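Asker: So the sequences go chain by chain: A and B. For the first sequence, counting from 1, position 87 maps to 86 in numbering that gives the first Met the number 0; every step adds exactly one. For the second sequence, counting from 1, position 421 maps to 420 in numbering that gives the first Met the number 0; every step adds exactly one. Shown below is the structure under consideration.
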Amino acid sequence: MPEWEAVIGIETHVELQTNSKMFCGCAVAFGEAPNTNTCPVCLALPGAIPVPNEEAIEGIVKIGTALDSTINKDSLFYRKNYFYPDLPKNYQISQYTFPVCEFGKLEIVVDGEPFVVGITRVHMEEDTGKSRHVGEDGRIHDASHSLLDFNRSGVPLVEIVTEPDIRTAEQARAYGAELQRIVRTLGVSDARLEEGSMRFDANVSVRRGPDAEFGTRTETKNVNSLRSLQRAITFEIDRQTRVLEEGGEIIQETRHWNEDKGVTISMRIKEESEDYRYFQEPDMLPLEIDEAWQQRVKAEQPELPAQKRARYVGLGTDAHTAELLADDPALGGLFDQAVQAGANAKQAGIWITQEVVAYLRREEKSLVETALSAAHVAELSEMVSAGDLSSTASKDVLNAVLAGDGTPREIAEAKDLIQISDSGFLEAEVDAVIADNTDAFEKLAGGDMKMIGFFVGQVMKRTGGKADPRLVSEMVRNKAQG
Amino acid sequence: MTDLADLSIVEAGRQLRSGDVTAVDLWEAAATRIAYTEPHLHAFLTVDREGALATAKVVDAAFRAGEDAGPLQGIPIALKDNMCTKGLATTASSRMLEGWVPPYDGTAVANLRNAGAVLVGKTNLDEFAMGSSTENSAFGTSRNPWDVDRVPGGSSGGSAGSVAVGSSMGAFGSDTGGSIRQPAALCGVVGMKPTYGLVSRYGLIAFASSLDQIGPFARSVEDAALLLEGVAGHDIHDATSYRGEYPTLTDGLEKGVKGLRVGIVKELMVDAIDSEIRAATRAMADKLSDAGADVVEVSLPSSEYALSAYYLIAPAECSANLARLDGVRYGNRVPADTTDEMMAKTRAAGFGPEVTRRILLGTYALSAGYYDAFYGQAQRVRTLVRQDFATAYEQTDVLISPTTPTTAFEIGAKTDDPIAMYYSDVCTIPSNLAGDPSISVPVGVDTRGLPIGFQIMAPALGESMLFRVAAEVERLAEFSARPSLAVSKETV
Ligand SMILES: [Zn+2]
């Protein structure tokens, strides 16, 4: 019998950080006093009606464009009807047929292997408010009452739905990570999983090999990190496989990821399929996104993470460094500017992703809080290339620049770290050392190349460590081979 | 001497500007009329005496300072109680919203305040505008000023009655399937439904969003046009608000109908329409013809399905629109152990039987497995109705028909038969489905002395033409009868 294979689809919700909410003028802001960012529309007072936010539409068009989707010229809003206290209208304005974007794709790389995930649709909807149940232990069943905060009610929400193309938990995680990078690069959301501005639901089923029919799937919610996305899917694949191996049956249901216990738990929702009675939102006209708008968004699209990584590798960084730089806009920006100012890309990439990152972590600072500029990196790079600074010393200088002690040259001079690379002077020093150590030189000339280190060391000692060791080593070698 | 309460808006405006009367005088005349008609009529749910007087005083000061915000400044105007008024209770005639005071003004209301209108109060309606008689109001039925044992029509029956008796000089209602024109016809006043999108719906408690439209009641066609001008205009708070150039309303009133092509709708002149009403409609058609119009018979073949389509589309939309009334954030609440139970009990207690019927009907029509046969089919009929109108307007400038199948009926006559009640809107619904403007003008009385309305319909944004023909109908009808309540002042 063929091996078990998982079939995975991911639904992602992304809150857009627009100036105002999806259908009213209230601010999109977090951490404010409950119910302060509300108005008749997002509280669903009688008579209040929605007006779509153009900035949010622009945001979803950006996402759809980055995901290589077809943007529908006319797209429709629908009412999704269900009663829930944190949904003030008791229907959610969402999309059904003719969403803003359809038929997209996203290429990810897992273990060096490229893999394409199909994007079924990207649609626009609105977020709900938040309920807090107040009672003995905070559990809904024992709660004596609930408090409602509608600050989040009506915040623009984009839902991105994949085809069931994903086969492993690692791919799912890579998809989630790449999507998060894209959303951040587009600047439409901070996409923070722990704060809920990006949320994943994982649809998982297993089957006997790639030719078998899809199995019954479950939907796992409450996954609030990339790591738990991978863990939850791994757990669910194992659980389903075990159930089926033991002759059991998978129930189509919603499951809840318990981070502490590392398990998914059935939410025991009664499995009558919910009828949302979708119908076209009569308070709004069809949304028109004309060709000019689509073209403008395409033209203004920033360099996407995959494009950026490819470019960095092209400049000479290794794949890992490229990924680190592309993942952090501040570091990537510094890198780009430094290279533009003449820095060696490979060298600059390593400094930034290693020394600078270590410094920032140690000092608990962000890049802007340091004194380091792209010009500094370029200067440092030039000093190393010119032989003025050893690569060991360059790290000390870089840390001092970060700490605000001055420019690389100022620091190198102040710390007396400038290398001696005057060949006339160095040659005289080399000759002097050879003259003092004729026995050792004979061994070297006889082919004992280990002796090079001895001579370099002697020269370094005579020059107080300031000689360029590469240059000295070359001279000694040349003289030995006479 | 004419009682000030009986002045037209145009005449009152003239006298306000000449200094012969003040806004306070007009308000006091309306208040006096309210005092002796309300016990019989019950047109109002709330009369805002303090607010009206305060506004009238402000307006008089403005007049003295030479400030003039236009024809509605100082005019006493009544509002249907489904239009949100900041600081003034707005109930939609439902227990659900009893005592609810909106924290905001709807756009039409704000426009009226900016125009210096004196807002006298909130008028009765069928609960959430669902009905044709005001008998579905949770706060009592309004009476017809021509015969207090009869209904004023609905759902905007209170606004119609108020204008008919002079307790306001003009009023606003909302028309989803005829809720302005039908009560206007039954109360012998002018009632007009504008093109969908001409007046903002922001702050109008929604019944059926794709059909609802705010419009005026007046005692003359010109007054109706002035009232509409006071509220029409693009609104950033309503995504369906019209964005283009707005039609002019008053400059064609004197042009007459010579050379105009007028289509009399065949399907609305059938036996189910009262014979006296058909005769009055035919007589007016003949007068229009004599006045130079080219009157032809036209057909709207799908109009026979319009009523059925309407009673699927409107309930479907209302089933979602009324979902927000759940006792969670505002309005009345019936306490219970769980939130679900609280919402269910609140809604069961808060909605009257007709509203409940329509919510159930609409929920059913949208359900999986039924959607296509009911809601989907109704939407297809709606498209056909639009196409029928388009075809008819290829050969006509306006269409005419009766406004209602009967004149005012007795209270209780149709309350046990929803279908018979629904049929009250058979002539008015097609314009709502098409989104077109339409007006009812009184053209006479039947043998019982009850007023008969004459409906004129025009293509979308055809308000200029609509008011032009309506003004000619008004002149030709020479309708001067007044309801008994309005003229019985001395005897009360
Ligand atoms: Zn808001």
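All C-beta atoms, glycine included, are put in the ideal place defined by N, C-alpha and C. In this text the structure is predicted, and so the values were computed from the model without any measurement.
When you compare the CB of G87/A with every CB in chain B, is at least one pair closer than 8 Å?
Answerer: Taking the first residue of the first sequence as 1, we reach residue 87/A at position 88. Contrary to the premise, residue 87/A reads as Pro rather than Gly in this sequence. Output row for P87/A: interface = yes.
Asker: So is V491/B buried or exposed if we call it buried at 16+ other beta carbons inside 10 Å?
Answerer: Numbered from its first residue, the second sequence carries residue 491/B at position 492. Confidence at V491/B is low in this model, with a pLDDT of 38, below 50, so its placement is unreliable and the value that follows should be read with caution. That one is exposed.
Asker: Compute the minimum distance between the beta carbon of K20/A and the heavy atoms of ligand 1, and state whether it is under 7 Å.
Answerer: Taking the first sequence and counting its residues from 1, one reaches residue 20/A at position 21. At least one heavy atom of ligand 1 is nearer than 7 Å to the Cβ of K20/A, so yes.
Asker: So which residues put a beta carbon under 5 Å from any heavy atom of ligand 1, going in chain order?
Answerer: Selection output, chain order preserved: C23/A, C25/A, C38/A, V40/A, C41/A.
Asker: In the structure shown, what three-state DSSP assignment does G443/B receive?
Answerer: One-based indexing of the second sequence puts residue 443/B at position 444. If DSSP states are grouped into helix, strand and coil, G443/B belongs with the strands.
Asker: Between which two residues does the alpha helix (DSSP H) containing T338/B stretch?
Answerer: Within the second sequence, residue 338/B is the residue found at index 339, counting from 1. Where T338/B is concerned, the enclosing alpha helix (DSSP H) stretches over 338-349.
Asker: Which partner residues does Q279/A have in the DSSP bridge list?
Answerer: Indexing the first sequence from 1 puts residue 279/A at position 280. Partner(s): Y77/A.
Asker: Please name the residue, chosen from D445/B, P401/B, G434/B, that lies closest to D424/B on a Cα-to-Cα basis.
Answerer: Sequence index remark: in the second sequence, residue 424/B carries index 425 (1-based). Of the listed residues, the one whose Cα sits closest to D424/B is P401/B.
Asker: Is the Cβ-Cβ distance between G291/B and K257/B less than 8 Å?
Answerer: Counting from 1 along the second sequence, the entry for residue 291/B is found at position 292. Counting from 1 along the second sequence, the entry for residue 257/B is found at position 258. Yes, these two residues count as a Cβ contact at 8 Å.
Asker: What are the boundary residues of the alpha helix (DSSP H) that L425/A is part of?
Answerer: In the first sequence, counting from the first residue as 1, residue 425/A sits at position 426. That run of the alpha helix (DSSP H) goes 422-435.
Asker: Taking 8 Å as the cut-off, decide whether the C-beta atoms of V442/B and A279/B are in contact.
Answerer: Here residue 442/B is taken as the residue at index 443 of the second sequence, counted from 1. Here residue 279/B is taken as the residue at index 280 of the second sequence, counted from 1. Against a cut-off of 8 Å, the Cβ pair of A279/B and V442/B comes out as a contact.
Asker: Could you confirm whether any beta carbon from chain A is found closer than 8 Å to the beta carbon of R200/B?
Answerer: Residue mapping note: residue 200/B aligns to position 201 of the second sequence, counting from 1. For R200/B, the answer is yes, since a Cβ of chain A falls inside 8 Å of its Cβ.
Asker: Between R191/A and the rest of its own chain, which residues show a CB-CB distance below 8 Å, the 5 nearest in sequence each way excluded?
Answerer: As a position in the first sequence, residue 191/A is number 192, starting the count at 1. Hits under 8 Å: M197.
Asker: Is Y174/A helix, strand or coil by DSSP?
Answerer: For the purposes of this step, residue 174/A is taken as residue 175 along the first sequence, with counting starting at 1. Reduced to three states, the DSSP call for Y174/A is helix.
Asker: Any C-beta of chain A sitting closer than 8 Å to the C-beta of V491/B?
Answerer: As a position in the second sequence, residue 491/B is number 492, starting the count at 1. At V491/B the pLDDT is 38, less than 50, meaning the model places this residue with poor confidence; the figure from the coordinates comes in the next sentence. So no, V491/B is outside the interface.
Asker: Taking only beta-carbon positions, decide if S209/B is within less than 8 Å of chain A.
Answerer: Here residue 209/B refers to the residue found at position 210 of the second sequence. It does; some Cβ of chain A falls within 8 Å.
Asker: Can you tell me where the alpha helix (DSSP H) with G456/A in it begins and where it stops?
Answerer: To locate residue 456/A, count along the first sequence from 1; it is residue 457. Counting along the chain, the alpha helix (DSSP H) containing G456/A begins and ends at 450-461.
Asker: Is the beta carbon of Y310/B less than 8 Å from the beta carbon of Y195/B?
Answerer: Here the question's residue 310/B lines up with position 311 in the second sequence. Here the question's residue 195/B lines up with position 196 in the second sequence. For Y310/B and Y195/B, no; Cβs fall outside 8 Å.
Asker: Using a Cβ-Cβ distance cut-off of 8 Å, determine whether S366/B contacts chain A.
Answerer: As a working note, residue 366/B is residue 367 in the second sequence. For S366/B, the answer is yes, since a Cβ of chain A falls inside 8 Å of its Cβ.
Asker: According to DSSP, is V491/B part of a helix, a strand, or is it coil?
Answerer: Residue mapping note: residue 491/B aligns to position 492 of the second sequence, counting from 1. Annotation note: pLDDT 38 at V491/B (below 50); position unreliable, no value reported.
Asker: Output the boundary residues of the beta strand (DSSP E) element that contains E555/A.
Answerer: Here chain A comprises residues numbered 0 to 481, so residue 555/A is not present and cannot be evaluated.
Asker: Take the Cβ of E489/B as the centre, count every other Cβ of all protein chains shown within 10 Å, and call the residue buried at 16 or more, exposed below.
Answerer: If you number the second sequence from 1, residue 489/B lands on position 490. Confidence is the limiting factor: at E489/B the pLDDT is only 47, short of 50, which leaves the residue's position unreliable and the question unanswerable from this model.
Asker: Cutting at 6 Å between CB atoms, please list the residues of its own chain near A476/B, excluding the five before and the five after it.
Answerer: Numbered from 1 along the second sequence, position 477 holds the residue referred to as residue 476/B. Within the same chain, A476/B has close Cβ partners V442.
Asker: Residues of chain A with a CB under 8 Å from the CB of D325/B: which are they?
Answerer: By 1-based counting over the second sequence, the position of residue 325/B is 326. Per Cβ cutoff of 8 Å: F82, P84, N89.
Asker: Please list the terminal residues of the continuous beta strand (DSSP E) segment that includes D200/A.
Answerer: Against the first sequence, residue 200/A aligns to sequence position 201. 197-207 is the extent of the beta strand (DSSP E) around D200/A.
Asker: On the premise that A4/B lies in contact with R32/B, defined as a C-beta separation below 8 Å, what is that separation, rounded to the nearest angstrom?
Answerer: The residue you call residue 32/B lines up with position 33 of the second sequence. The residue you call residue 4/B lines up with position 5 of the second sequence. With 8 Å as the limit, R32/B and A4/B qualify as a contact, their Cβ atoms being about 4 Å apart.
Asker: Quick one: measure Cβ to Cβ for D237/B and S208/B, integer angstroms, because I've assumed they're closer than 8 Å.
Answerer: Mapped onto the second sequence, residue 237/B falls at position 238. Mapped onto the second sequence, residue 208/B falls at position 209. In fact, because the Cβ distance is near 10 Å, the residues do not count as touching under 8 Å.
Asker: What is the DSSP secondary structure of S130/A, reduced to helix, strand or coil?
Answerer: Numbered from 1 along the first sequence, position 131 holds the residue referred to as residue 130/A. DSSP places S130/A in strand when its eight states are reduced to three.
Asker: Give me the residue from T106/B, A347/B, P429/B, L6/B with the minimum Cα distance to D222/B.
Answerer: Counting from one through the second sequence, the residue named residue 222/B turns up at place 223. The candidate whose alpha carbon is nearest that of D222/B is L6/B.
Asker: Within 10 angstroms of its Cβ, does V50/A collect 16 or more other Cβ (buried), or is it exposed?
Answerer: In the first sequence, the residue the question calls residue 50/A occupies position 51. Classification for V50/A: buried.
Asker: Per DSSP, which one or two residues make a beta bridge with H375/A?
Answerer: Numbered from its first residue, the first sequence carries residue 375/A at position 376. Answer is none; H375/A lacks a bridge partner.
Asker: Which ranges would you report for the beta strand (DSSP E) in the segment 135-217 of chain B if only whole runs of at least 3 residues count?
Answerer: Whole beta strand (DSSP E) segments, 3+ residues: 169-173, 189-192, 213-217.
Asker: Pick helix, strand or coil for S380/A, following the three-state DSSP scheme.
Answerer: On the first sequence, position 381 is the one that residue 380/A refers to. DSSP places S380/A in helix when its eight states are reduced to three.
Asker: Using a 10 Å radius around the Cβ and a threshold of 16 neighbouring Cβ atoms, would you call F388/B buried or exposed?
Answerer: By one-based count along the second sequence, residue 388/B stands at place 389. Classification for F388/B: buried.
Asker: So, using beta-carbon positions, are M21/A and R207/A closer together than 8 Å?
Answerer: By 1-based counting over the first sequence, the position of residue 21/A is 22. By 1-based counting over the first sequence, the position of residue 207/A is 208. Not a contact, by the Cβ cut-off of 8 Å.
Asker: For the alpha helix (DSSP H) containing M95/B, list its first residue and its last residue.
Answerer: For this step, residue 95/B is matched to residue 96 along the second sequence. Element bounds for M95/B: n/a, residue is neither H nor E.
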